[in-house]
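Chemist:
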Amino acid sequence: GYGFALASEAAVEAWARLSAAYLRKRSTIKLVLVLVDARVGLKPSDVQMLQFLEAEARLPYLVVLTKADAAGPPQRIAQVAALVQSGLKSARRQLRPLALVSSQRKAGVDALQRRIICAATGRSDLLPE
599 GYGFALASEA AVEAWARLSA AYLRKRSTIK LVLVLVDARV GLKPSDVQML
649 QFLEAEARLP YLVVLTKADA AGPPQRIAQV AALVQSGLKS ARRQLRPLAL
699 VSSQRKAGVD ALQRRIICAA TGRSDLLPE
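Residue numbers (this note's numbering): 599 to 727.
#1: Measuring only the C-alpha atoms, how far is Ala619 from Gln711?
#2: Excluding the 5 residues flanking Lys621 on each side, which residues of the same chain have their C-beta closer than 6 Å to its C-beta?
#3: Where does the unbroken alpha helix (DSSP H) through Leu710 begin, and where does it stop?
#4: Excluding the 5 residues flanking Lys665 on each side, which residues of the same chain have their C-beta closer than 6 Å to its C-beta?
#5: Taking the straight line between their C-alpha atoms, what separation do you get for Asp708 and Arg615?
#6: Output yes if chain C places a C-beta closer than 9 Å to the C-beta of Ala676; else output no.
#7: Could you check how far apart the C-beta atoms of Arg694 and Glu652 are, in whole angstroms? I think they sit under 8 Å.
#8: CB-CB under 6 Å to Leu686, same chain, minus the five flanking residues each way: which ones, in chain order?
#9: If you check the beta carbons only, do Val768 and Asp644 fall under 9 Å apart?
#10: Tell me which residue opens and which closes the alpha helix (DSSP H) that Asp644 is part of.
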């Protein structure tokens with residue numbers, strides 16, 4: 599995460615500068631995963647990261663809704679996913695659709711791994727049809 603609730607303000611600022619420089623300068627980055635807690639949805643820090651990836655770093659990214667097993671019934675998860683996606687309507691660098699995973703139940707993990715491999719290798723034959 600980028601919140602660092604227990605870190606000093608100076609440490610948070612230093613980390614933010616370091617990570618921003620890394621994302622701007624690494625030409626080998628093929629995909630950035632933006633992990634969003636499905637129980638909460640987009641936080642201001644997530645929105646700030648997405649704006650940075652769109653406008654400054656200009657990197658492709660995939661929003662991954664995590665903790666799907668703890669986010670409530672399927673209707674609630676669908677609402678969160680729709681809200682997140684509606685906040686990204688004008689996004690040009692976002693890979694769609696959002697990924698939904700649960701580490702507890704391992705749901706969505708295989709599909710996410712395939713999408714990462716496809717982004718890293720440029721192959722699309724590994725994606726489900």
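All C-beta atoms, glycine included, are put in the ideal place defined by N, C-alpha and C.
Modeler: With the given structure in hand:
#1: In the sequence shown, the residue the question calls residue 619 occupies position 21. In the sequence shown, the residue the question calls residue 711 occupies position 113. Near 26 Å, if we compare the C-alpha coordinates of Gln711 and Ala619.
#2: Sequence index remark: in the sequence shown, residue 621 carries index 23 (1-based). Here residue 621 is Leu; the residue named in the question, Lys, does not match the sequence. Shown here for Leu621: same chain residues with a beta carbon closer than 6 Å to its own, the five before and five after excluded, namely Ala655 in chain order.
#3: As a first step, residue 710 must be located in the sequence shown, where it is residue number 112. Annotation for Leu710: the continuous alpha helix (DSSP H) segment containing it runs 707-719.
#4: For the purposes of this step, residue 665 is taken as residue 67 along the sequence shown, with counting starting at 1. Only Asp635, Ala636, Arg637 meet the Cβ criterion.
#5: In the sequence shown, the residue the question calls residue 708 occupies position 110. In the sequence shown, the residue the question calls residue 615 occupies position 17. Going by C-alpha positions, Asp708 is about 33 Å away from Arg615.
#6: Included in the structure is just one protein chain, with no chain C present.
#7: The residue you call residue 694 lines up with position 96 of the sequence shown. The residue you call residue 652 lines up with position 54 of the sequence shown. Contact doesn't hold; Cβ gap of about 14 Å is too wide.
#8: Translated into the one-based positions of the sequence shown, residue 686 becomes position 88. The residues Gln692, in chain order, have a CB closer than 6 Å to that of Leu686 in the same chain once the five nearest residues on each side in sequence are set aside.
#9: Lying outside 599 to 727, the shown extent of the chain, residue 768 is not represented and no answer is given.
#10: Here residue 644 is taken as the residue at index 46 of the sequence shown, counted from 1. Per DSSP, Asp644 belongs to the alpha helix (DSSP H) from 642-650.
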